[in-house]
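Inspection log for the structure reproduced underneath, given as structure tokens.
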Amino acid sequence: MLAQQYAAIKRDLDGKGIIFSFSGYLSEGILYSLGEALREKMTMEEADGPTVRRVFSVFVEQMQNIIRYSAEKVTGTSSRSVELSAGMVTIGMERGKVFIVCGNTVLNADVPRLKERLDHLRGLDREGIKSYYREQLREEPEDGSRGATIGLIEIARRASEPIDYDFDPMDGERSFFCLKVRI
Amino acid sequence: MDTLTIAATGRTPGVAFDFPAGQLRLTGESYPDDVATFFGPIFTALRDYLAVPGHTPIRFDMELLYFNSSSAKALMNIFQMLEAVAKAGRPVAVVWSHEEGDESMRELGEDFAEDLRHVAFSLREVPIGGIG
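Residue numbers (our numbering), protein chains in the order written: chain A, 17 to 199; chain B, 273 to 404.
What follows is the structure, given as structure tokens:
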């Protein structure tokens with residue numbers, strides 16, 4: 017029964033082309049380890065350096081978005097600034113392209129602003145994304161954003177297709193936010 | 273301070289600033305878990321160095337193989353400091369290295385160069401495995 021249950025989960029992941037999947041509390045330490053595994057796997061498959069770095073770049077920005085902005089997190093006490101943030105990250109292959117899907121809880125109050133940023137990015141072509149990046153590089157970060165905007169632009173820039181996103185309302189206060197990027 | 277040397281780790285760059293010689297270099301990769309903590313001392317050392325008027329030309333070698341978006345902000349800060357002294361008359365050269373075929377890194381170099389009017393900026397393509 018036990019093996020059957022978990023084999024079903026694994027088959028489902030395999031069927032979706034998923035190579036890595038992590039769900040639970042994410043931290044900078046986990047980002048580092050998963051990132052190393054991702055690069056090793058891609059290098060073994062003989063992906064060239066720039067391709068590996070493009071995928072890795074999207075992975076880092078997505079993971080750091082969860083670590084910084086998940087509405088579900090535990091923060092360490094004063095002496096050790098550890099952030100454990102609940103979320104999930106999934107990396108797979110689909111029609112010959114690597115994709116990364118990240119999911120985390122966000123506050124409903126933050127949804128409109130996030131939507132607005134993502135829609136703005138989706139509406140831009142390559143040149144538009146590039147000049148938006150240049151502009152944001154010179155901007156002071158907005159209050160409380162810790163550089164979220166430039167992180168999203170970096171993601172859009174490395175993507176080979178417009179980024180996909182969705183929100184699933186959980187209750188009156190929170191929604192589950194999902195971001196899918198194909199590289 | 274004569275030099276600032278920080279050994280590279282898996283996620284923080286190697287820093288080799290030889291102030292008397294005017295030679296500054298960043299190598300490796302940059303995606304620190306806390307950008308402010310890592311770059312804070314670098315900004316301080318650089319600011320102190322640039323605050324003392326001097327005529328020694330400055331050469332900054334940007335040899336990062338990868339940096340994340342928070343590090344990009346930190347790099348921009350360094351470039352702005354260099355541009356300010358270059359504007360005041362000190363010769364400053366920035367050499368931005370990227371691996372052959374790494375279009376992303378080359379493009380980023382162009383993004384950073386856009387505002388530089390007084391710093392002499394150049395892109396340098398190196399063979400694969402030549403930097404980092």
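Beta carbons: idealized from backbone N, C-alpha and C, even for Gly.
No experiment lies behind these values; they were computed from the predicted model shown.
Check                                                                                                                                         : Outcome
Backbone secondary structure at phenylalanine 289 of chain B - three-state DSSP                                                               : strand
7 Å Cβ cut-off: residues of chain A touching asparagine 349 of chain B                                                                        : Ordered by position in chain A, no residue passes the 7 Å Cβ test against asparagine 349 of chain B, which lies about 10 Å from the chain.
Interfacial residues, the region 277-295 of chain B to chain A, with Cβ spacing under 9 Å                                                     : Gly282, Arg283
Contacts that tyrosine 22 of chain A makes with chain B (C-beta to C-beta distance below 7 Å)                                                 : Ordered by position in chain B, no residue passes the 7 Å Cβ test against tyrosine 22 of chain A, which lies about 32 Å from the chain.
Through-space distance from arginine 150 of chain A to valine 105 of chain A, alpha-carbon basis                                              : 28 Å
Bridge partner(s) assigned by DSSP for glutamine 21 of chain A                                                                                : Its beta-bridge partners do not exist; DSSP assigns none.
Closer than 7 Å to chain B by CB, glycine 40 of chain A                                                                                       : no
Cβ-Cβ separation, glutamate 371 of chain B to valine 398 of chain B (assumed contact under 8 Å), whole Å                                      : 6 Å
Cβ contact check for the region 281-300 of chain B and the region 179-186 of chain A: 3 or more pairs under 8 Å                               : no
7 Å Cβ cutoff met for isoleucine 199 of chain A and glycine 108 of chain A                                                                    : no
Counted within 10 angstroms of its Cβ, other Cβ atoms place methionine 79 of chain A as buried (16 or more) or exposed                        : buried
Span separating the alpha-carbon of aspartate 333 of chain B from that of valine 366 of chain B                                               : 6 Å
Exposure label - methionine 17 of chain A; buried when at least 16 CB within 10 Å                                                             : exposed
According to DSSP, residues forming a beta bridge with methionine 334 of chain B                                                              : B:Leu298, B:Trp368
Residues from the region 330-362 of chain B in contact with chain A, defined by Cβ distance under 8 Å                                         : Leu337, Tyr338, Asn340, Ser341, Ser342, Ala344, Lys345, Met348
Three-state secondary structure assigned by DSSP to lysine 196 of chain A                                                                     : strand
Within 7 Å, strictly: CB atoms of phenylalanine 351 of chain B and phenylalanine 310 of chain B                                               : no
Contact residues within the region 67-101 of chain A, judged by C-beta distance below 8 Å to chain B                                          : Arg69, Arg70, Phe72, Ser73, Val76, Glu77, Gln80, Ser97
Endpoints, beta strand (DSSP E) assigned at aspartate 320 of chain B                                                                          : It is not in any beta strand (DSSP E) - aspartate 320 of chain B instead sits in the alpha helix (DSSP H) that spans 307-323.
Range of the contiguous alpha helix (DSSP H) that encloses arginine 204 of chain A                                                            : With chain A covering 17 to 199 only, the question about residue 204 of chain A has no answer from this structure.
Lysine 77 of chain A burial status per 10 Å Cβ neighbour count (16 or more: buried)                                                           : Sequence inspection shows glutamate at residue 77 of chain A; the lysine mentioned does not correspond to that position. By the 10 Å Cβ count, glutamate 77 of chain A comes out buried.
Beta-carbon proximity check, glycine 33 of chain A vs glutamate 110 of chain A, cutoff 7 Å                                                    : yes
Where methionine 58 of chain A falls: helix, strand or coil (DSSP)                                                                            : helix
Length of the line joining the Cα atoms of asparagine 349 of chain B and serine 376 of chain B                                                : 20 Å
Nearest candidate by alpha-carbon position, reference leucine 15 of chain A, set A:Asp184, A:Phe192, A:His136                                 : Limits of chain A in this structure are 17 at one end and 199 at the other, which puts residue 15 of chain A out of reach.
Leucine 123 of chain A to valine 324 of chain B span [Cα, whole Å]                                                                            : 48 Å
Segment limits, alpha helix (DSSP H) that includes tyrosine 85 of chain A                                                                     : 65-85
CA nearest to the CA of alanine 280 of chain B, picked from B:Asp274, B:Asp290, B:Ser302                                                      : B:Ser302
Chain-order list of residues whose beta-carbon lies under 7 Å from that of arginine 133 of chain A (same chain, five-residue window excluded) : Thr165, Leu168
Own chain partners of cysteine 194 of chain A with C-beta closer than 6 Å, once the 5 adjacent residues on each side are dropped              : Gly119, Asp182
CB contact check: aspartate 150 of chain A to chain B, cutoff 7 Å                                                                             : It should be pointed out that residue 150 of chain A corresponds to arginine in this sequence rather than to aspartate. Output row for arginine 150 of chain A: interface = yes.
In DSSP terms, what leucine 168 of chain A is bridged to                                                                                      : Per DSSP, none; premise fails for leucine 168 of chain A.
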